[in-house]
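A short write-up of the structure that comes next.
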Amino acid sequence: MSEAVLTVAQMVAAEKAAMAAGTSEWELMLKAGQGAAQWVHRAAGGRPVTVLCGPGNNGGDGYVIAEDLGSRGYDVDVIAPVEPSTDTARTARSQFGGDTREQGPFEHAIVVDCLFGYGLSRQVEGVYRELLEELSASDCFKIAIDVPSAVRSDCGSTLGPLPRYDLTLALGAWKQAHFLMPSMAMMGAKELIDLGLPLDDAHGVLSSRPALSAPAADAHKYTRGLVAVVAGEMPGAPLLSCEAGMRAGAGYVKLFSDRSHPDAPADLVIVEDDLDEALEDDRIDALLVGPGLGRGETSRERLAAALTSGRQCVLDADALHLLDDDLLEGVDPSRILLTPHEGELAALCESFGVEADGKLDRARSLSAATGLTVLAKGPDTILVGEGTTLFFPQGSSWLSVAGSGDVLAGICATRLAGSRSPMEAAQDAVWLHHEAARLAGPAFTALQLAHCVKPAMASFL
Ligand SMILES: NC(=O)C1=CN([C@@H]2O[C@H](COP(=O)(O)OP(=O)(O)OC[C@H]3O[C@@H](n4cnc5c(N)ncnc54)[C@H](O)[C@@H]3O)[C@@H](O)[C@H]2O)[C@H](O)CC1
Ligand SMILES: [K+]
């Protein structure tokens with residue numbers, strides 16, 4: 002089952018739809034709070050718990066959690082700076098049998114943060130800020146209900162202090178902030194509490210682990226996919242892409258280059274022919290252009306040759322700085338995958354006249370304007386294409402090393418050559434890249450990462 006990732010507006014619409022179908026908001030809150038309390042109980046194991054309750058329905062969830070824990074015999078301390086401001090939160094407050102305090106300090110080893118959920122609408126100040134600062138400074142076990150209270154649910158940016166949580170319990174559906182920086186890195190383990198909301202037509206989805214397969218019994222190198230990496234001015238980057246692509250399931254990887262590559266592995270085929278001639282090989286299934294390409298006139302000509310060849314293409318690095326409307330003239334955008342980091346994404350938006358703020362909106366607007374599939378890579382990776390946005394679990398921070406993107410692009414090209422669509426290829430590649438990094442451990446080089454793509458494949462077979 003795919004897991005939906007919703008905007009606040011979509012979340013509110015899903016709750017309204019559930020209510021129109023006969024479930025009251027109070028029933029939803031009870032289910033949410035009791036589901037969360039079960040997780041708090043697992044974490045607390047009988048130790049006293051402090052619950053911070055805000056004015057809205059997130060605070061309402063807090064009262065339900067406090068009541069549930071109290072009925073299990075927990076010592077519960079509820080801090081609520083103000084009385085609830087919604088009818089449903091007032092119901093929750095009235096059903097809670099214990100007392101509340103208006104401010105800290107708190108002493109308990111487990112603290113549940115229900116100050117604000119997706120209704121956070123302005124900077125966190127005053128007593129709420131003090132509570133979040135106290136939470137940040139405390140070494141207690143921190144649990145965020147729905148989202149951390151200073152986080153904007155749609156974009157993951159903050160409006161106040163953001164403590165490092167140990168556990169975040171998403172209610173009803175994932176919000177975009179669960180998979181966007183900086184918030185995603187501060188949420189600790191993430192768990193989703195199902196509220197039975199109707200989420201079928203969500204445009205945002207959490208990518209699920211791909212299932213890859215071994216080659217067919219009658220496979221040969223061409224049926225498994227021929228990848229051609231188009232080299233340019235700098236030899237190192239395309240070689241890294243080849244090293245990764247050769248380990249991601251391709252039957253054949255070729256490097257189209259007119260320069261010498263003394264470091265190339267013996268099992269990589271280097272084609273020194275004129276590029277136009279080399280591109281005439283009908284057996285090529287996918288091209289990768291960009292790593293080490295350069296940005297001069299010759300580089301632009303090589304990119305143009307690749308694009309007009311009609312092949313499926315992964316465009317990365319320098320190709321993303323060269324790409325414009327003229328180069329895409331007559332090219333079928335459904336065959337092209339872009340793999341920009343944030344700087345390249347900004348450059349692309351400028352080239353295509355796309356005005357949008359933030360990585361998510363930029364990637365969505367660029368894909369909508371051009372029809373291209375966009376894999377916006379980074380500590381939070383977003384994949385946009387075919388009208389869908391895919392979000393990913395966090396990868397290793399050791400991936401922040403030079404050449405890491407060349408490795409990712411090489412994997413993308415191999416997966417694209419292996420009869421996968423740009424969306425599927427990019428999805429496979431992100432998972433393989435993350436798994437390779439996990440297997441590579443700390444402080445790896447890009448080449449070591451590329452070598453770990455092979456054992457990473459085994460995890461998905
Ligand atoms: N997903 C579900 O189906 C359910 C979710 N529930 C929970 O409800 C919250 C959203 O509740 P809402 O009342 O809309 O918003 P909040 O509780 O996040 O807070 C709104 C409240 O706070 C005020 N406010 C906003 N920002 C600030 C600020 N910086 N300083 C002070 N006050 C602020 C605002 O004016 C409102 O009064 C969702 O996340 C879930 O936790 C329900 O349980 C139902 C099921
Ligand atoms: K919260």
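Heads up: the sequence shown begins at 2 in this note's numbering, then just goes up one per residue.
Heads up, the beta-carbon is just placed ideally off N, CA and C, and yes, glycines get one too.
Bear in mind the structure is a predicted one, so any value in this text is a computation, not a measurement.
Worksheet entry | Local conformation of R102 per DSSP, three classes | strand
Worksheet item: Relative to ligand 4, is the shortest distance from any of its heavy atoms to the C-beta of N58 smaller than 6 angstroms?
Response: With respect to ligand 4, the structure shown offers nothing to examine, as its ligands consist of ligand 1 and ligand 2.
Discussion item. If you reduce the DSSP assignment to three classes, tell me which class V148 lands in.
Written reply: coil
Discussion item. Taking only three categories from DSSP, how would you classify L116?
Written reply: coil
Worksheet item: Shortest alpha-carbon distance to G36 belongs to which of K17, E16, E68 and G57?
Response: E68
Discussion item. On the CB-based measure, 16 or more other CB atoms within 10 Å of its CB, does G98 come out buried or exposed?
Written reply: exposed
Worksheet item: DSSP on G127, reduced to helix/strand/coil?
Response: helix
Worksheet item: So, is R123 buried or exposed, given that buried needs 16 or more other C-beta atoms within 10 angstroms?
Response: exposed
Fill in: Contact under 7 angstroms by Cβ, P216 with G293
no
Practice prompt. Below 8 angstroms on the Cβ atoms is my guess for A427 versus T374; work out the distance and round it to an integer in Å.
Written response: 7 angstroms
Item to complete: Can you say whether P423 is buried or exposed, counting buried as having 16 or more other CB atoms within 10 angstroms of its CB?
Response: buried
Worksheet item: Is L170 closer than 7 angstroms to W40 when the C-beta atoms are compared?
Response: yes
Practice prompt. Answer yes if the stretch 384-403 comes into contact with the stretch 222-229, meaning at least three C-beta pairs across the two stretches below 8 angstroms, and no otherwise.
Written response: no
Worksheet item: Which residue from G118, H434 and F117 puts its Cα closest to that of A245?
Response: H434
Practice prompt. Closer than 8 angstroms by C-beta to C350: which residues in its own chain qualify, once you throw out the five before and the five after it? Chain order, please.
Written response: E356, A357, R363, S366 and L367
Fill in: T299 to A320 span [Cα, whole Å]
12 angstroms
Discussion item. Using only the alpha-carbon positions, how far apart do I146 and A22 sit?
Written reply: 25 angstroms
Fill in: beta strand (DSSP E) segment containing Q313, residue limits
Q313 to L316
Discussion item. Using a Cβ-based criterion (distance less than 6 angstroms to any ligand heavy atom), does E16 qualify as near ligand 1?
Written reply: yes
Practice prompt. Please name the residue, chosen from C453, A15, L417 and L448, that lies closest to A203 on a Cα-to-Cα basis.
Written response: A15
Item to complete: Consider the C-beta atom of S95 and the heavy atoms of ligand 2; say whether any pair is separated by less than 6 angstroms.
Response: no
Worksheet item: What's the gap between the Cα of N58 and the Cα of G71?
Response: 20 angstroms
Worksheet entry | Cβ-Cβ separation, A232 to L256 (assumed contact under 8 angstroms), whole Å | 6 angstroms
Worksheet item: For the beta strand (DSSP E) that contains T51, what are its first and last residues?
Response: V50 to C54
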